[in-house]
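Numbering (this note's numbering), first residue to last: 118 to 215. This report concerns only the one structure given below.
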Amino acid sequence: MEIRKETNAGTLNIAISGRVDTTTAPALENELKDSYDSCEALVLDFKDVEYISSAGLRVLLSAQKVMSKKGGMKLVNVSRDIMEIFEVTGFTDILTIE
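Shown next as structure tokens:
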């Protein structure tokens, strides 16, 4: 998994590529925890995410809880396969996906 970060006017944009699973989810979680204080809103670009496991979903849920108290969080460029995982798990009701 690769993580690219960019901040623009208080919005943290994070582009993720590869797999978000039990091996890589802790790295994403650490990146997010290190960035919460310095951003007002969070945008996660899922264009190049191939797979997300329950560990990755847990990280997203945690990020959503933190960012809901700030400027919010949204996911963009979610592929059909990843969207299917979000739909089956009910995450489409929790997350803002564009």
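All C-beta atoms, glycine included, are put in the ideal place defined by N, C-alpha and C. In this text the structure is predicted, and so the values were computed from the model without any measurement.
Residue i versus residue j - alpha carbon distance
| i | j | result |
| --- | --- | --- |
| Thr139 | Glu148 | 15 Å |
| Gly188 | Ile131 | 15 Å |
| Ala126 | Ser155 | 11 Å |
| Lys150 | Val205 | 27 Å |
Beta carbon of residue i nearer than 8 Å to that of residue j
| i | j | result |
| --- | --- | --- |
| Leu129 | Val137 | no |
| Glu123 | Ser134 | no |
| Ile211 | Ile169 | no |
Cβ neighbours of residue i in the same chain (closer than 6 Å, five flanking residues each side left out)
| i | result |
| --- | --- |
| Ser152 | Leu129 |
| Ser171 | none |
| Phe203 | Thr209 |
| Arg121 | Ala132 |
Proximal residues to residue i (C-beta, below 8 Å), its chain only, five neighbours per side dropped
| i | result |
| --- | --- |
| Glu201 | none |
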